[in-house]
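K.L.:
Just remember that our numbering sits 392 ahead of the position in the sequence shown, which is counted from 1.
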Amino acid sequence: MDPSIALLAPLALLASAAAAQAGDPPLTRYTDPQGVTYQARVWSLPMQQMTAANATVARRHIAWSVSGTLPAAPVDVTMMCPVAPGGQVGAGCDVVGLNADSVVARTARRQVESVVPRLAGYPAVGADAAVRRYVRFPLRIDPATRPAVNLDTGEMVAAKLLPPLFKLGHYELPPRFARDGGTIDVLCQVQADLSVLCRPAGSSPPEIAERLPVDWANRRSTAARVPAKLTDGRPAAGKRTTITIRFEPDR
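Now the structure itself:
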């Protein structure tokens, strides 16, 4: 299973855990995968785990959406995340002792990148400080945290009954499409906790959707939370809608 998924929750707890740390840990010598030896200060944190209490359905779904086969049973891994000069926990976390291209490691990096906010809580240092700083913690990845999601079911409603979910900028399109314009259709579904999952549902010209990363829609919709009711008074959970994003040609 993959560490990244659990990073959703663990790092949500890092700030409070950091506050409990007294002073700086001692310098320890490490060797990176390229064989370079360096000294670092590393704060050790207790076991962390992603749960429904600290990650939305949308975020948990994406945390499990990786190519490759993950173990069916819970897996414990060790995570190392950098602490920036300002004291924030960075998103560039690594899985200790695993091949960087493994399913677990790839999932961990992806989830750290897309769902882990930067958290404060550690001492600030000068930007030119030579000593690296990290937080290290065991992470449990449990298949029980994987939500059941089916974007092919649910009543279709008019997009105007929901608030705007996201918009895409020209900078995210290949140059030709940003220049010529076009449209992208996105199918979105409201989850039980009112988070939102989306996927591309067509485009004009068709090459637009073909050139975008397969997960671009979800990367832009997982932060959305919609009201419990549609504007017509019906419950929003479970409803689906199609949104058309239009791109005007650059002038």
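Where is the CB? At the ideal position from N, CA and C, for every residue including glycine.
Between the C-alpha atoms of W435 and P417, what's the straight-line distance to the nearest angstrom?
P.N.:
Sequence index remark: in the sequence shown, residue 435 carries index 43 (1-based). Sequence index remark: in the sequence shown, residue 417 carries index 25 (1-based). In a straight line, the C-alpha of W435 is about 6 Å away from that of P417.
K.L.:
Buried or exposed for Y422, please, with buried defined as at least 16 other CB atoms from any protein chain shown within 10 angstroms of its CB.
P.N.:
The count along the sequence shown starts at 1 and reaches residue 422 at position 30. Per the 10 Å Cβ criterion, exposed.
K.L.:
Shortest alpha-carbon distance to K552 belongs to which of A620, A432 and T633?
P.N.:
Here residue 552 refers to the residue found at position 160 of the sequence shown. Nearest option by C-alpha distance: T633.
K.L.:
Please return the same chain residues whose Cβ sits closer than 7 Å to the Cβ of L579, not counting the five positions on each side in sequence.
P.N.:
Taking the sequence shown and counting its residues from 1, one reaches residue 579 at position 187. Excluding residues within five positions, the ones whose Cβ falls inside 7 Å are L543, C590, R591, A593, R632 and T634.
K.L.:
I think A629 touches A584, with their Cβ atoms under 8 Å apart; what is that distance to the nearest whole Å?
P.N.:
The residue given as residue 629 occupies position 237 in the sequence shown. The residue given as residue 584 occupies position 192 in the sequence shown. Contact check for A629 and A584: beta-carbon distance about 5 Å, within the 8 Å limit, so the pair qualifies.
K.L.:
From V496 to Y430, what does the alpha carbon distance come to, in whole angstroms?
P.N.:
The residue labelled residue 496 in the question sits at position 104 within the sequence shown. The residue labelled residue 430 in the question sits at position 38 within the sequence shown. V496 and Y430 have their C-alpha atoms roughly 25 Å apart.
K.L.:
On the three-pair Cβ rule with 8 Å, is the region 448 to 460 touching the region 534 to 543?
P.N.:
yes
K.L.:
Compute the Euclidean distance between the alpha carbons of A620 and I637, then round it to the nearest angstrom.
P.N.:
The residue given as residue 620 occupies position 228 in the sequence shown. The residue given as residue 637 occupies position 245 in the sequence shown. Rounded to the nearest angstrom, the two C-alpha atoms are 24 Å apart.
K.L.:
Compare the Cα-Cα distances from S644 to each of L554, E599 and M442 and report the closest residue.
P.N.:
Coverage of the chain is limited to positions 393 through 643, which leaves residue 644 absent and any answer about it impossible.
K.L.:
Taking S595 as part of the alpha helix (DSSP H), name the residues at either end of that continuous run.
P.N.:
Counting from one through the sequence shown, the residue named residue 595 turns up at place 203. Per DSSP, S595 belongs to no alpha helix (DSSP H); it is in the beta strand (DSSP E), V588 to S596.
K.L.:
For the beta strand (DSSP E) containing R638, list its first residue and its last residue.
P.N.:
Stepping through the sequence shown from its first residue, residue 638 is reached at position 246. Start and end: R632 to F639.
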